[in-house]
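Order-wise, the sequence lines are chains U and E.
Residues 397 to 690 in this note's numbering are what the first sequence lists, from first letter to last.
Residues 112 to 387 in this note's numbering are what the second sequence lists, from first letter to last.
The C-beta atom is built at its ideal place from N, Cα and C for all residues, glycine as well.
Here's the structure, in structure tokens; my notes come after.
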Amino acid sequence: MEKISILKKRRVMKGWGISLTYLGYSAIFWGYPFVWLVILTFSKWRYAGSPKFTGIDNILRVLSDELFWKTFLNTLNFMLYYIPMVLILSLLFAVALSKIKYMKSFIVLSFLVANISSGVAYSIIFSKLFAENGPLNQTLYKAFGVTVPWFTNPQFAMLSIAIIVVWKFIGYYGLILYAGVQAIPKSVYEAAELDGAGKLTRFFKITIPLINPSLVMVTVMAITLAFGIFTEPYMITGGGPMRSTLSPMMLMYTTAFQKLDPTYSATMSIFVALMSFTIVFVFRKLFEREVNFQ
Amino acid sequence: MTKKSNRNFDLFINIVLILLSVLWLYPYIWLTLSSFKPSNEIFTGFFPSRLTLDHYRFIFETAQSMERPFFKALLNSIFVSGTVTASVILTSCIISFALTKYEYKGGPFVINFIIFQMLLPGFMFTIPTYILIRNMGLLNSYSALILPSIMSGWGIFMISQSYKATPTDYIEAARIDGAKDIWIIFKIMMPLNKSTISIVGLFTFIGIWDNFMWPLIVMKDYQKMPLSVLLASFNHEYGAYVGPVLAGAVMQTIPMVIIFILFRKYFLQGISMSLK
Numbered sequence: 397m398e399k400i401s402i403l404k405k406r407r408v409m410k411g412w413g414i415s416l417t418y419l420g421y422s423a424i425f426w427g428y429p430f431v432w433l434v435i436l437t438f439s440k441w442r443y444a445g446s447p448k449f450t451g452i453d454n455i456l457r458v459l460s461d462e463l464f465w466k467t468f469l470n471t472l473n474f475m476l477y478y479i480p481m482v483l484i485l486s487l488l489f490a491v492a493l494s495k496i497k498y499m500k501s502f503i504v505l506s507f508l509v510a511n512i513s514s515g516v517a518y519s520i521i522f523s524k525l526f527a528e529n530g531p532l533n534q535t536l537y538k539a540f541g542v543t544v545p546w547f548t549n550p551q552f553a554m555l556s557i558a559i560i561v562v563w564k565f566i567g568y569y570g571l572i573l574y575a576g577v578q579a580i581p582k583s584v585y586e587a588a589e590l591d592g593a594g595k596l597t598r599f600f601k602i603t604i605p606l607i608n609p610s611l612v613m614v615t616v617m618a619i620t621l622a623f624g625i626f627t628e629p630y631m632i633t634g635g636g637p638m639r640s641t642l643s644p645m646m647l648m649y650t651t652a653f654q655k656l657d658p659t660y661s662a663t664m665s666i667f668v669a670l671m672s673f674t675i676v677f678v679f680r681k682l683f684e685r686e687v688n689f690q
Numbered sequence: 112m113t114k115k116s117n118r119n120f121d122l123f124i125n126i127v128l129i130l131l132s133v134l135w136l137y138p139y140i141w142l143t144l145s146s147f148k149p150s151n152e153i154f155t156g157f158f159p160s161r162l163t164l165d166h167y168r169f170i171f172e173t174a175q176s177m178e179r180p181f182f183k184a185l186l187n188s189i190f191v192s193g194t195v196t197a198s199v200i201l202t203s204c205i206i207s208f209a210l211t212k213y214e215y216k217g218g219p220f221v222i223n224f225i226i227f228q229m230l231l232p233g234f235m236f237t238i239p240t241y242i243l244i245r246n247m248g249l250l251n252s253y254s255a256l257i258l259p260s261i262m263s264g265w266g267i268f269m270i271s272q273s274y275k276a277t278p279t280d281y282i283e284a285a286r287i288d289g290a291k292d293i294w295i296i297f298k299i300m301m302p303l304n305k306s307t308i309s310i311v312g313l314f315t316f317i318g319i320w321d322n323f324m325w326p327l328i329v330m331k332d333y334q335k336m337p338l339s340v341l342l343a344s345f346n347h348e349y350g351a352y353v354g355p356v357l358a359g360a361v362m363q364t365i366p367m368v369i370i371f372i373l374f375r376k377y378f379l380q381g382i383s384m385s386l387k
């Protein structure tokens, strides 16, 4: 009896010891930066000397900074293209995938391999494919006699970036939705068919409501992605033309490391996080439903 | 009648999806073919008239003298991603064991703390972590690329979830036989939770390999740059050398594609797991 309690005590000690390695690591690489984040938000500092307390100056500056809000509008603009495109296409992909028989794994792998493409490399590939005289414009010219200014026109530039990100994510989101579609019991469809529900009715009244959790999850992932986008605009457009593709991450990067203003940049990062949280929260409130199969 | 037209429609969808898959692969095919084409053919035809290794020779030899050591960068990427992945797997497997199988109050506490950490987006920590690395005097060193990622809250969380499902009986039996905990972790827990561990390893490796913003910020030394940043800077300054840039993009992409094909089973599991 005594031996067991000693063993138990030893295990508790060991447990804390091992936990402490993670907690210690977190204190350095998470806690320390967290404290700095708070310090930076309320002070003025340019990497030299010690930070000077300035109260809420940074916050007021963000609120009245046109360029910052421009990047926010750019993000909304991106979401306006990206989210409908990626949701509709990956939903179609998921439904189509549940109907087919041949070469299924080839199809899944082809769409998924886009998802593991490295950000820098695929930005380079698409900047060449969509170039002024690139293969895509050449094909369009041969077929219709027109070329599209994919990256040089301010509106098209954001659309082009959205298309590229859609290419990357359809396979991933599509498979998440596919798993949702697979989980719907066949009997539900059969019952509806007996009641005379057509294909479209079944899709809108059964499939869509029943995969609500997967749809919400995919949309939340897409919103989070939109606020964190950096590599694609940095590599392809550099934020242009006319700052139409400048993303919050790019503005933070240039503010902190080219204009050497880390305090302001850190304040912006908090605003970006808050806006992303707010949009996700509102979206969930509006669209999330409890789903029960039985 | 309707049954038959249904079947035809499904077959039609099947063919459309197969064609779309080829379209989805097109950027990769175009990239790979173009990196072997003579420069003047990259934008003119899909199929090369002859294959050439010029672009690869350029990035491995000529770029060396332009202070853009691509081969070194490839090794750097492998070294950094490999070290981080090994460390994340090892630490997550050991820490998760303590959190889930020692039955003490700290376990749930640490897991809740990790969930809280995961709620806050990483980009809020970019600048403060840069300041930390700078204060430690580690800018432009491999440590700057490796240290901030050697332990992963997400990895511990995933593996803990998986460990919870492993029956404690196995562990008790091994303990009665006098097995040390470290032996139990390596010989019982890791083999039993192979697929979750593979997923953590894969996503970590790919995440670090693909990471761009962080190494761009902390690494200005061309000799220690990972491939992603070196390729971006080469593309920025020598973008006119389209062939070599594409050859560099192939180098950056192919290892990921190979890993993906080898571990495709775990990727698929990882995606359906993210649902729970």
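Tell me, which residues are paired with Ser439/U by DSSP? Partner(s): Phe449/U.
Starting from Asp461/U, trace the alpha helix (DSSP H) in both directions and tell me its first and last residue. Judged by DSSP secondary structure, Asp461/U falls outside any alpha helix (DSSP H); it is assigned neither H nor E.
Counting only runs of 4+ residues fully inside the segment 112 to 164 of chain E, write out the alpha helix (DSSP H) ranges in chain order. Counting only runs of 4 or more, we get 113 to 146.
Please list the segments of the beta strand (DSSP E) lying wholly inside the segment 167 to 203 of chain E, counting only runs of 3 or more residues, in order along the chain. Runs of the beta strand (DSSP E) lying entirely within the segment 167 to 203 of chain E and spanning at least 3 residues: none are present.
At the level of alpha carbons, what is the spacing between Asn346/E and Asn470/U? Straight-line Cα distance between these residues: approximately 25 Å.
Since Trp320/E is in the alpha helix (DSSP H), which residue starts that stretch and which ends it? Where Trp320/E is concerned, the enclosing alpha helix (DSSP H) stretches over 305 to 321.
Just to confirm before moving on: does the CB-CB distance between Met336/E and Ala174/E stay below 7 Å? For Met336/E and Ala174/E, no; Cβs fall outside 7 Å.
Apart from the five residues just before and just after Phe626/U, which ones in its own chain have a Cβ nearer than 8 Å to its Cβ? Around Phe626/U: Ser643, Met645, Met646, Tyr649.
Enumerate in chain order the residues of its own chain whose CB-to-CB distance from Ala652/U is below 6 Å, with the five nearest sequence positions on each side excluded. Hits under 6 Å: Pro658, Ser661.
With a threshold of 16 other CB atoms inside 10 Å of the CB of Gln363/E, please say whether the residue is buried or exposed. It counts as buried.
Can you name the residues of chain E whose CB is closer than 8 Å to the CB of Ser665/U? In chain order: Phe234, Met235, Thr237, Ile238.
Buried or exposed: which applies to Asn322/E, given that a residue is buried once 16 or more other Cβ atoms fall within 10 Å of its Cβ? So Asn322/E ends up on the buried side.
What does the alpha-carbon distance come out to for the pair Tyr574/U and Ser610/U? Each residue's alpha carbon lies about 9 Å from the other.
Near Leu555/U, what residues of its chain come up, given a Cβ to Cβ distance below 7 Å and the 5 sequence neighbours on each side ignored? Around Leu555/U: Tyr477.
Going by the beta-carbon positions, is the gap between Ser506/U and Leu144/E smaller than 7 Å? Contact: no.
Find the residues of chain E that neighbour Lys495/U, judging by a C-beta separation of less than 7 Å, and give them in chain order. The contacting residues are Asp121, Ile124.
Against Tyr421/U, what residues of chain E qualify as contacts under a CB-to-CB distance less than 7 Å, listed in chain order? Those are Met262, listed as they occur along chain E.
Starting from the Cα of Val504/U, find the closest Cα among Ser486/U, Ile560/U, Asp453/U, Glu462/U and give me that residue. Closest by alpha carbon: Ser486/U.
Check this for me: beta carbons of Tyr377/E and Ile270/E, under 7 Å apart or not? One thing to note: Tyr377/E has its Cβ no nearer than 7 Å to the Cβ of Ile270/E.
Would Met330/E be called buried (16 or more neighbouring beta carbons within 10 Å of its own) or exposed? Met330/E should be labelled buried.
Does Asn346/E have its Cβ less than 7 Å from a Cβ in chain U? Chain U contact via Cβ: present.
Interface partners of Tyr568/U on chain E, CB under 8 Å: The answer, in chain order, is Ile382.
Whole alpha helix (DSSP H) runs in the segment 515 to 540 of chain U with 4 or more residues, listed along the chain? Restricting attention to alpha helix (DSSP H) runs no shorter than 4 residues, the segment 515 to 540 of chain U encloses them at 515 to 525, 531 to 540, ordered along the chain.
Any beta carbon of chain E sitting closer than 7 Å to that of Thr627/U? The beta carbon of Thr627/U falls within 7 Å of a beta carbon belonging to chain E, placing the residue at that interface.
Proximal residues to Lys387/E (C-beta, below 7 Å), its chain only, five neighbours per side dropped: The predicted model places Lys387/E with a pLDDT of 41, which falls under 50 and marks its position as unreliable; any figure quoted below should be read in that light. Answer for Lys387/E: no residue qualifies.
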